[in-house]
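All remarks here apply to the structure that follows.
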Amino acid sequence: MTRLFNEPAAFADEMIEGFVASHQRWVKRVSGGVVRNTKSTPDTVALVIGGGSGHYPAFAGLVGQGLAHGAAMGNLFASPSAQQVYNVAKAADNGGGVLLGYGNYAGDVLHFNQAQDRLRKEGIDCRSIAVTDDVSSAPVAEHAKRRGIAGDLTVFKVAAAAAEAGCSMDAVAEIAERANHRTRSFGVAFTGCTLPGADHPLFSVPEGRMAVGMGIHGEPGIDETDIPTADELAELLVSKLLTEIPDGAGAEGARVVPILNGLGSVKYEELFVVYRRVAQLLAEAGLEAVDPQVGELVTSFDMAGTSLTLFWLDDELEKLWNAPADAPAFRRGAVTAEALDASGGEAADVELSIPDATPESRAGAARVLTALGAAKAVVDANADELGRIDAIAGDGDHGIGMERGVRAAVDAAEDAVARGAGTGTTLHFAADAWADKAGGTSGALWGMALRAVGDAVGDSTAPDAGAVAAGVAGAAAAIMDFGKAKPGDKTLVDVLVPFRDALASGVEAGKSLTEAWAAAAVTAEQAAEDTARLLPLMGRARPHAEKSLGTPDAGAVSMALIIRAIHNTLIERTTIKEKA
1 MTRLFNEPAA FADEMIEGFV ASHQRWVKRV SGGVVRNTKS TPDTVALVIG
51 GGSGHYPAFA GLVGQGLAHG AAMGNLFASP SAQQVYNVAK AADNGGGVLL
101 GYGNYAGDVL HFNQAQDRLR KEGIDCRSIA VTDDVSSAPV AEHAKRRGIA
151 GDLTVFKVAA AAAEAGCSMD AVAEIAERAN HRTRSFGVAF TGCTLPGADH
201 PLFSVPEGRM AVGMGIHGEP GIDETDIPTA DELAELLVSK LLTEIPDGAG
251 AEGARVVPIL NGLGSVKYEE LFVVYRRVAQ LLAEAGLEAV DPQVGELVTS
301 FDMAGTSLTL FWLDDELEKL WNAPADAPAF RRGAVTAEAL DASGGEAADV
351 ELSIPDATPE SRAGAARVLT ALGAAKAVVD ANADELGRID AIAGDGDHGI
401 GMERGVRAAV DAAEDAVARG AGTGTTLHFA ADAWADKAGG TSGALWGMAL
451 RAVGDAVGDS TAPDAGAVAA GVAGAAAAIM DFGKAKPGDK TLVDVLVPFR
501 DALASGVEAG KSLTEAWAAA AVTAEQAAED TARLLPLMGR ARPHAEKSLG
551 TPDAGAVSMA LIIRAIHNTL IERTTIKEKA
């Protein structure tokens, strides 16, 4: 378990602060993460990597000369927001374009792509590489659906070396893609991991058993066996990876980089015992091990587990892998130290201006704040249960992410209302804060939802039933267009779409917002329950769809809870008006 923390919600920020304070030779803090504290060659490609915190030395430990130029650092097990990625990329840009690197998880894909689009609109050449090395997460025919685990290191290292050598953006991106194609990983776990403040792990493995194919966020494995001997584990890992030799890599006489990665609480000594047999098996298969890496490279807090990665080299990739690097957690060869970058670190927050609003719209903003407060209360009360539901087939962090997002939204809305904002602006402030602080897929989607409603109601009039219904319709359209989920995929869309339709029907029938919302809330609650009969087709739960059968989707449940909480505020307001 995680024992040393202050306020759990502040853990990630305090961890970053301590990391920077102890590694100032390499990094400095910027809004959203860290960047190199040394100068880089002008007009060269910058590699910006990132993901959720809790996986050190990924990702901040890989920032330094010869490796990444910056790392966007999300909250625990949650992708960084698009704003965080954008901020780090802007700080790291050398004028030669930015390559974004991350593991292939839905939240990371959504947020990094948003940041990429924003950078491109500003004229910055920006590309992306989503690492897909985990062979247990999808069949080889669906390689693009696989998640990224310890193979992040191989892809990031060679891409960074190519950038450091002055290669063009086209060349750096091609090398990253080639490395990703030639990297395969497979992992196991013996225990789950426990996030700061939690009283139980995100998942559990029965005593004396081993989960096979476990993800680094606690995603369930594809099988479960008795705990093997060290040699038997080595044989399982190697045999699995040798059934899938990348196209063009060859077999007999091939040169591979083996990486035996500890996930958090398996000790180095144990890893060395396992690697002893891994080395023998690779030699017996006619493979030459090049520069083996044994240790903690991508972790998962205190998870007891390990993974094996094989990186199949060609001449160019081997040269780039062996190129010098100097980062907090990965050093190779002799690097000529560059001068410190005196351009400064963390930028001060810029206070956003408040557009003019009518008194009616400012009154509506106060009601938005009340609704968000009710959402916060219901999320806080149900966070543990939302995490439990999410952990059945996912990573168990939905409750934590929702708490972070809604709390940030309330704080932003309070600030907006205090400064005289209208309804639309207040919702926009809340949307941006939710997406930025929550990260992850749900953060992006709730940010979109609030922004769409804000667009519909504006700052010039009191928000009426028609405008609210139009905003909910806009939210559904934006979320489905961005996330590509549709009804039946077992996501929050399975609640949002029927809620949208029921609300619109009530408003069109001439009902008040309170009456229409009441009927639509019942529809939303039933839709959330009905997701228990669905199999997930999107997100981290997709590879283990059968495990979630009989359990509703956590995102659908949280949306239904918030819809009901907002309805309660509408009832209270109506009652107050009637009494007045």
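Number 546 in the UniProt record's numbering belongs to position 546 of the sequence shown; there are no gaps in the numbering. Beta carbons are placed, not taken as given, at the ideal position from N, Cα and C, and that holds for glycine.
On the three-state DSSP scale, how would you describe residue i?
i           : result
residue 375 : helix
residue 289 : strand
residue 568 : helix
residue 102 : strand
residue 2   : coil
residue 24  : coil
residue 415 : helix
residue 315 : helix
residue 128 : strand
residue 425 : helix
residue 224 : strand
residue 118 : helix
residue 210 : strand
residue 367 : helix
residue 514 : helix
residue 35  : strand
residue 200 : coil
residue 386 : helix
residue 588 : The requested residue 588 does not occur in the structure, where the chain is confined to residues 1 to 580.
residue 45  : coil
residue 30  : strand
residue 12  : helix
residue 7   : coil
residue 231 : helix
Please say whether residue j and residue i have beta carbons closer to each other than 8 Å?
i           : j           : result
residue 68  : residue 47  : yes
residue 322 : residue 298 : no
residue 421 : residue 448 : no
residue 326 : residue 65  : yes
residue 172 : residue 155 : no
residue 71  : residue 78  : no
residue 306 : residue 271 : yes
residue 221 : residue 189 : yes
residue 475 : residue 495 : no
residue 63  : residue 27  : yes
residue 16  : residue 3   : no
residue 110 : residue 401 : no
residue 87  : residue 128 : no
Where DSSP assigns a beta bridge to residue i, which residues make up the other side?
i           : result
residue 51  : 73
residue 258 : 310
residue 330 : 327
residue 134 : 185
residue 303 : 264
residue 340 : 38
residue 65  : 326
residue 582 : Residue 582 falls outside the range modelled here, since the chain spans only 1 to 580, and no answer is possible.
Give the single residue among the options whose Cα lies nearest to the Cα of residue i.
i           : options            : result
residue 508 : 470, 358, 385, 359 : 470
residue 240 : 213, 473, 561      : 213
residue 499 : 568, 519, 290      : 519
residue 112 : 96, 146, 49        : 49
residue 418 : 362, 300, 155      : 362
residue 567 : 512, 528, 81       : 512
residue 308 : 317, 334, 257      : 257
residue 142 : 290, 149, 133      : 133
residue 380 : 430, 562, 550      : 562
residue 373 : 397, 411, 251, 382 : 411
residue 529 : 128, 550, 503, 516 : 550
residue 107 : 92, 122, 75, 135   : 75
residue 223 : 211, 216, 217      : 211
residue 423 : 166, 461, 466      : 461
residue 225 : 146, 289, 207, 319 : 207
residue 55  : 265, 537, 413      : 265
residue 435 : 43, 122, 185, 82   : 82
residue 252 : 169, 281, 231      : 281
residue 490 : 465, 506, 531      : 531
residue 597 : 290, 317, 521      : Summary: the structure shown does not reach residue 597, with the chain confined to residues 1 through 580, and so no result is reported for it.
Got a sec: is the Cβ-Cβ distance from residue i to anything in chain C below 8 Å?
i           : result
residue 512 : No chain C is present in this structure, which holds just one protein chain.
Does the stretch 97-117 touch the stretch 155-165, meaning 3 or more C-beta pairs lie closer than 8 Å? Touching, yes, given that three or more Cβ pairs across the two stretches are closer than 8 Å.
With contact counted as at least three CB pairs below 8 Å, one residue from each stretch, are the stretch 328-346 and the stretch 26-42 in contact?
yes
- prompt: Any chance the stretch 264-283 sits against the stretch 178-186, with 3 or more Cβ pairs inside 8 Å?
  reply: no
Exercise for the section: Assess, as a yes-or-no matter, whether the stretch 311-319 is touched by the stretch 7-18 under the definition of 3 or more beta carbon pairs within less than 8 Å. Expected result: Here the stretch 7-18 does not lie against the stretch 311-319, with fewer than 3 beta-carbon pairs under 8 Å apart.
Legend entry - Touch test, the stretch 382-398 against the stretch 548-563, Cβ-Cβ under 8 Å, three pairs minimum: Taking 8 Å as the limit for Cβ pairs, the verdict is that the stretch 548-563 does touch the stretch 382-398.
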